[in-house]
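Heads up, the thing below is written out as C-alpha cells.
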Amino acid sequence: MNAQTIIEDYVDKVAAKLPRRLRNDVGLELRTLLTEQLASSAHDAAREPDSEMATELLRRFGAPDEVAARYAPRGFQLIEPEYSPLVVKLATFCIALQWAVTLPAVLSSRMTFDDWWLRWGLSAFAWAGLLVFWFGLASWIQRRSPAEPGSGVRPWTHWIFWVPFPREWRPGQPEATEWRAARGAAPLGAILTIVFIAPAWILDRLLPAGTDTSWALYDDRFQRWLLPPLIALMAVRLVLLAAAALNERRRARTETLRAGLWIGFVALLYWAVFGGRIFAQPVTDAVFKAWLLVFLLVNTLQIVVWIRRAATRVRVPDAFARPRHNGGH
Amino acid sequence: MAVTNDNPASKLETELRRGTLVLATLSQLRSAQYGYSLRQALAEQGMPIEEGTLYPLLRRLEEQGLLASDWRIEDGPPRRYYKLNSKGTRLLADLTTNWQTLVGTMNRLLK
C-alpha cells in the first residue's frame, strides 16, 4: 500500500464517522492537509514519501474515531446532570412503592410469584423509562428555551414539564421566621394542651348548665393509657419550646431533645388514631380523627424536612470548636 | 502531545497551553490562511500545535461564527482558506485586551 492510498483509506474512515453534511467537505480538506503534511515531512527527511512515513503521520494525528469526534462530537446529554439524582430517587421510590403495594398479594397467597412478577414486578421498571422520558423532555425544553434567572418570565412549556425555575439566591432567615411563628403559636399550644386534658370537663364549665357534653368524653382505654403520656409530652415540649424561643443558646442545646419529643408525640397520636377509639361517641371520634390525620400528615412532612435539614447541615468538628470561657459571659 | 498522569508538570503545561490555543489561532487569521500554512506560521513563532488539534479547531471556530472560509485553487491543490470575519475580529480584540490584563496580573503575582 503506498503512502497516498494509506492517507485516502484513513480519510474515508474518518469521513464515515462524520455527520453527512460535513462528510465530503471535511474529508476533502483533511486529505489535502495530510497530503501536504506528508510532502513536508518527506522534504525534511530528504526522501520520497513512503508508507512508513504516512503511517507515522496518521498515528500522530489520531485514531479515526477520535479525529471524527474532534470535528463533530457525537452523542448528546439525555438528562441535565442536576436532574439525574432526582430521577434515580424518584424511579427507586416508584418501583419500591409498586412492589410494596402489590407484593402482599403474593405473601397472602392470593397470587403466585410468577403471576405477580409478570403483572406488577416487571412493569414497575416502566416508571424508570417514564421518568427518563419526562426529564429528557424537560432538559430539551430547558436547553431550547432557557429562562433568565430573576426575569420572572418563563415559557409555558416549562410549566408543563416541571422545569425548575432558575432563582437568584437571596439571603433569608427561615429559622428566625419559624421562631417568630412559634412564639405567636405558644399561647394557642398552651390552651390546646389544657383543653386536651379534659374537653368534656372544660365544656361543662363554659357552656350553660344542662348542656349535653357527653359527646366530648374520652374513650376509657384512651384516657387511661394514651392520654397521660400525650399530655406529658405536650407539656414538656411546650416548656422546652418556650425556653428555646427566648434563648438562642438553649435553642441549639435542646434541639435534638425537642425533636425527639415531637417525633414521640406524633408517633403516639398515630397509635391513638389507628389503635382504637379516642372519643367514646363514634361521630365525635370519626370527625376528630379526620382532623387529627390532617394535623399528623402536616407534622410528618415537617419531621421529614427537619430530619433532612439536620442530616445535610454542615457540622463543625469538635477539634475546630472554640474553647469556652469558664465563668465568662 | 502525549500526556501521562505520572508527569503532573507536563499535564499542567499542556493545560496552560490549551488555554492559549484559540487566541493564538485567531491572531494569525487576520489574513487568510489554510490549515497547513497556519500551522507553519504558528510553529515558526514558537507555538507548535498538533495537526489533529488545529484542523478541527478551525472548523469549530467557523461553526461558532468567528471565521469565514472558502475553497481556493492557487499554486497547488484546492485548499480551504480561513479568515476572521467581523465577529471574530471583535472577539480577537476583546480577548487580546483580556490576555494583556491577565499577563500583567500574572507578572505581578509571579514577582
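Here the protein sequences come in this chain order: A and B. The first sequence lines up with residues 950 to 1278 when you count with this note's numbering. The second sequence lines up with residues 246 to 356 when you count with this note's numbering. For every residue, glycine included, the Cβ atom is placed at its ideal position computed from N, Cα and C.
Residue j beta carbon less than 8 Å from that of residue i
{"i": "TYR326/B", "j": "GLN278/B", "result": "yes"}
{"i": "LEU1176/A", "j": "TYR1167/A", "result": "yes"}
{"i": "LEU1006/A", "j": "LEU979/A", "result": "no"}
{"i": "ALA1191/A", "j": "ARG1199/A", "result": "no"}
{"i": "ALA1225/A", "j": "ARG1173/A", "result": "The sequence shown places Gly at residue 1225/A, rather than the Ala named in the question. No, Cβ-Cβ distance for GLY1225/A and ARG1173/A is not below 8 Å."}
{"i": "ILE1044/A", "j": "TRP1076/A", "result": "yes"}
{"i": "ARG1207/A", "j": "LEU1187/A", "result": "no"}
{"i": "ILE1212/A", "j": "ILE1180/A", "result": "no"}
{"i": "ARG324/B", "j": "TYR1020/A", "result": "no"}
{"i": "PHE1237/A", "j": "PHE1228/A", "result": "yes"}
{"i": "PRO322/B", "j": "THR981/A", "result": "yes"}
{"i": "LEU306/B", "j": "LEU283/B", "result": "no"}
{"i": "GLN986/A", "j": "GLU260/B", "result": "no"}
{"i": "ARG952/A", "j": "MET1002/A", "result": "Looking at the sequence itself, residue 952/A is Ala, so the reference to Arg does not match. Cβ distance < 8 Å, so ALA952/A and MET1002/A count as in contact."}
{"i": "TRP1048/A", "j": "GLY1070/A", "result": "yes"}
Beta-carbon separation (whole angstroms), residue i vs residue j, contact threshold 8 Å
{"i": "LEU329/B", "j": "LEU354/B", "result": "No, LEU329/B and LEU354/B are not in contact; Cβ-Cβ is about 31 Å, not under 8 Å."}
{"i": "PHE1084/A", "j": "VAL1037/A", "result": "The pair is not a contact, with the Cβ atoms about 11 Å apart (cut-off 8 Å)."}
{"i": "ASP1050/A", "j": "TRP1065/A", "result": "Looking at the sequence provided, one finds Val at residue 1050/A rather than Asp. Not quite, the Cβ-Cβ distance comes to about 11 Å (not below 8 Å), so this is no contact."}
{"i": "PRO1013/A", "j": "TYR959/A", "result": "6 Å"}
{"i": "VAL1222/A", "j": "LEU1245/A", "result": "7 Å"}
{"i": "ILE955/A", "j": "SER990/A", "result": "Not confirmed; about 13 Å, so no contact."}
{"i": "VAL1185/A", "j": "LEU1217/A", "result": "So it is not a contact: roughly 13 Å between Cβ atoms."}
{"i": "ASP1153/A", "j": "THR1162/A", "result": "5 Å"}
Min CB distance residue i to chain A below 8 Å
{"i": "ARG335/B", "result": "no"}
{"i": "GLY280/B", "result": "yes"}
{"i": "ASN352/B", "result": "no"}
{"i": "ALA277/B", "result": "no"}
Neighbouring residues, chain A, relative to residue i (Cβ below 7 Å)
{"i": "ARG324/B", "result": "THR981"}
Cβ of residue i within 8 Å of any chain B Cβ
{"i": "GLU1005/A", "result": "no"}
{"i": "GLN1047/A", "result": "no"}
{"i": "GLU978/A", "result": "yes"}
{"i": "GLN986/A", "result": "yes"}
{"i": "ALA952/A", "result": "no"}
{"i": "VAL1263/A", "result": "no"}
Per-residue contacts from residue i into chain A (C-beta, under 8 Å)
{"i": "PRO301/B", "result": "VAL1016, ARG1019 and TYR1020"}
Listed by chain order, chain B residues near residue i by CB distance under 8 Å
{"i": "VAL975/A", "result": "ARG304"}
Listed by chain order, chain B residues near residue i by CB distance under 7 Å
{"i": "GLU957/A", "result": "Per Cβ cutoff of 7 Å: no residues; GLU957/A is ~13 Å from chain B at best."}
{"i": "GLY1024/A", "result": "Ordered by position in chain B, no residue passes the 7 Å Cβ test against GLY1024/A, which lies about 16 Å from the chain."}
{"i": "PHE1010/A", "result": "GLU296 and GLY297"}
When the options are compared against residue i, the one with the closest alpha-carbon
{"i": "ASP315/B", "options": "ASP1014/A, SER1000/A and VAL975/A", "result": "VAL975/A"}
{"i": "PRO1148/A", "options": "GLN1026/A, ALA1165/A, ILE1140/A and THR954/A", "result": "ALA1165/A"}
{"i": "PRO1030/A", "options": "LEU987/A, GLN1091/A, THR1041/A and TYR1020/A", "result": "GLN1091/A"}
{"i": "LEU1080/A", "options": "TRP1065/A, LEU1039/A, PRO1095/A and ALA1096/A", "result": "LEU1039/A"}
{"i": "GLU1204/A", "options": "ILE1256/A, LEU1250/A, LEU1245/A and GLY1011/A", "result": "ILE1256/A"}
{"i": "PHE1025/A", "options": "LEU1067/A, MET1002/A, SER1057/A and TRP1089/A", "result": "TRP1089/A"}
{"i": "GLY291/B", "options": "GLU260/B, GLY349/B and THR270/B", "result": "THR270/B"}
{"i": "LEU340/B", "options": "LEU257/B, THR259/B, LEU261/B and THR265/B", "result": "THR265/B"}
{"i": "GLN273/B", "options": "ASN252/B, ALA288/B and LYS356/B", "result": "ALA288/B"}
{"i": "ALA1018/A", "options": "PRO1034/A, ALA988/A, SER1057/A and VAL963/A", "result": "VAL963/A"}
{"i": "ILE1087/A", "options": "ARG1258/A, TYR1032/A, PRO1022/A and GLY1078/A", "result": "Here residue 1087/A is Ala; the residue named in the question, Ile, does not match the sequence. It is TYR1032/A whose Cα lies nearest to the Cα of ALA1087/A."}
{"i": "PRO293/B", "options": "THR346/B, ARG263/B, LYS256/B and SER276/B", "result": "ARG263/B"}
{"i": "ALA1139/A", "options": "PRO1095/A, TRP1150/A and LEU1182/A", "result": "LEU1182/A"}
{"i": "GLU308/B", "options": "PRO1022/A, VAL1016/A, ARG1008/A and PHE1062/A", "result": "PRO1022/A"}
{"i": "ALA1073/A", "options": "ALA1239/A, PRO1178/A, ARG996/A and PHE1042/A", "result": "PHE1042/A"}
{"i": "VAL267/B", "options": "GLU319/B, LYS356/B, THR350/B and PRO301/B", "result": "PRO301/B"}
{"i": "LEU977/A", "options": "ALA995/A, GLU957/A, ALA1268/A and ARG1264/A", "result": "GLU957/A"}
Contacts that residue i makes with chain B (C-beta to C-beta distance below 9 Å)
{"i": "GLY1209/A", "result": "Those do not exist, as GLY1209/A stays about 50 Å from chain B at its closest Cβ, beyond 9 Å."}
Listed from N- to C-terminal order along the chain, which residues in the segment 286-297 of chain B have their beta-carbon within a distance smaller than 9 Å of any beta-carbon of chain E?
Considering every chain present, this structure includes no chain E. Its protein chains are A and B.
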